[in-house]
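Single-structure report; data block below.
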Amino acid sequence: MCENINDLLIHNFEKDLEEFNITLNERQTEQFIQYYELLLEWNSFMNLTAITQFEDVLKRHFLDSVSIIKAIPDLYNSSKKLIDIGTGAGFPGIPIKIVFPGLKITLLDSLNKRVKFLNKVISDLKLENINAIHGRAEDCARLNELRESFDLCVSRAVSNLSTLSEYCLPFVKKNGYFISYKSEKVIKEYENAQKAIGILGGKCETKIEFELPNSDIYRNLLIIKKEKNTPNKYPRNAGLPIKKPIF
Numbered sequence: 000m001c002e003n004i005n006d007l008l009i010h011n012f013e014k015d016l017e018e019f020n021i022t023l024n025e026r027q028t029e030q031f032i033q034y035y036e037l038l039l040e041w042n043s044f045m046n047l048t049a050i051t052q053f054e055d056v057l058k059r060h061f062l063d064s065v066s067i068i069k070a071i072p073d074l075y076n077s078s079k080k081l082i083d084i085g086t087g088a089g090f091p092g093i094p095i096k097i098v099f100p101g102l103k104i105t106l107l108d109s110l111n112k113r114v115k116f117l118n119k120v121i122s123d124l125k126l127e128n129i130n131a132i133h134g135r136a137e138d139c140a141r142l143n144e145l146r147e148s149f150d151l152c153v154s155r156a157v158s159n160l161s162t163l164s165e166y167c168l169p170f171v172k173k174n175g176y177f178i179s180y181k182s183e184k185v186i187k188e189y190e191n192a193q194k195a196i197g198i199l200g201g202k203c204e205t206k207i208e209f210e211l212p213n214s215d216i217y218r219n220l221l222i223i224k225k226e227k228n229t230p231n232k233y234p235r236n237a238g239l240p241i242k243k244p245i246f
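Set out below in structure tokens:
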């Protein structure tokens, strides 16, 4: 990639971030570039993302990930505990960690080779107070050290909201939040998930619909507050939340 083009793309990325009131320091910019380089390298021998062009990764992965600031504006200088369910290549958890380094972040993924990639990123970027766990959400949510122990849970996974709520809400402590990232309008899905969210101890607070800065890329953040403890029977055994969602 031509260095001048690279510099221009980074400049545009930083301008986009300014619309979220985010300003990067030099080290954070370097971490994003290093993250991209590792993503490209590892993507050559394992499937991490179909989006590989630098401009697209900056916009559709990095910028999209940190758009959480629109839902939770007090992340600066925060030491909240956050878990990213089904993180894949580290989205949104790692970009969130780069921009808001005070957060204590756990990345959860069911594929061990992706966890190895995440650990490489954590090590090379010298990120602190962040760890990657190999496991299924249905199993990990039953562990005492993880269940209802996080202030925030985030997920960009593609499952329907009812299924995602069963995966995610058991990790959230009372008065914490589950933020679901969606790339499409989800009116029917949102309505269908109300029963599941209530059973699991949550309540839908609001939806935030927007376009990523300087684009026509639609995004939707669904904000769910944890109002009471999740019944012990949830999440159900592995596979059931996606095969038989609560409706």
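Here the sequence shown stands for residues 0 to 246, numbered as in numbering that gives the first Met the number 0.
The beta-carbon is built from N, C-alpha and C at its ideal position, and this holds for glycine as well.
Computed from a predicted model, the values in this text were never measured in an experiment.
For residue i, three-class secondary structure by DSSP
i      : result
Met0   : Legend: pLDDT at Met0 = 45, less than 50; position of this residue unreliable, no value from coordinates given.
Phe12  : helix
Leu23  : coil
Val114 : helix
Val171 : strand
Leu47  : coil
Lys58  : helix
Val120 : helix
C-alpha distance - residue i paired with residue j, whole-angstrom precision
i      : j      : result
Cys1   : Leu160 : With a pLDDT of only 46 at Cys1, under the threshold of 50, the placement of this residue in the model should not be trusted, and no figure is reported.
Glu144 : Lys172 : 12 Å
Ala106 : Ala192 : It should be noted that the sequence gives Leu, not Ala, for residue 106. Computed Cα separation, rounded: 24 Å.
Ile186 : Gly197 : 17 Å
Glu54  : Ile104 : 26 Å
Ile132 : Pro244 : 25 Å
Cys139 : Arg113 : 17 Å
Leu220 : Asp83  : 15 Å
Counterpart residues of residue i in DSSP-defined beta bridges
i      : result
Tyr189 : DSSP lists no partner for Tyr189.
Thr105 : Ile82, Asn130
Asn219 : Lys181, Glu208
Gly201 : Lys225
Leu151 : Leu81, Tyr176
Cβ distance (whole Å) where residue i is taken to contact residue j below 8 Å
i      : j      : result
Gly175 : Leu151 : 6 Å
Glu165 : Pro91  : With 8 Å as the limit, Glu165 and Pro91 do not qualify as a contact, their Cβ atoms being about 20 Å apart.
Val98  : Gln27  : 7 Å
The segment 197-217 / the segment 66-76 touching (three or more Cβ pairs under 8 Å): yes
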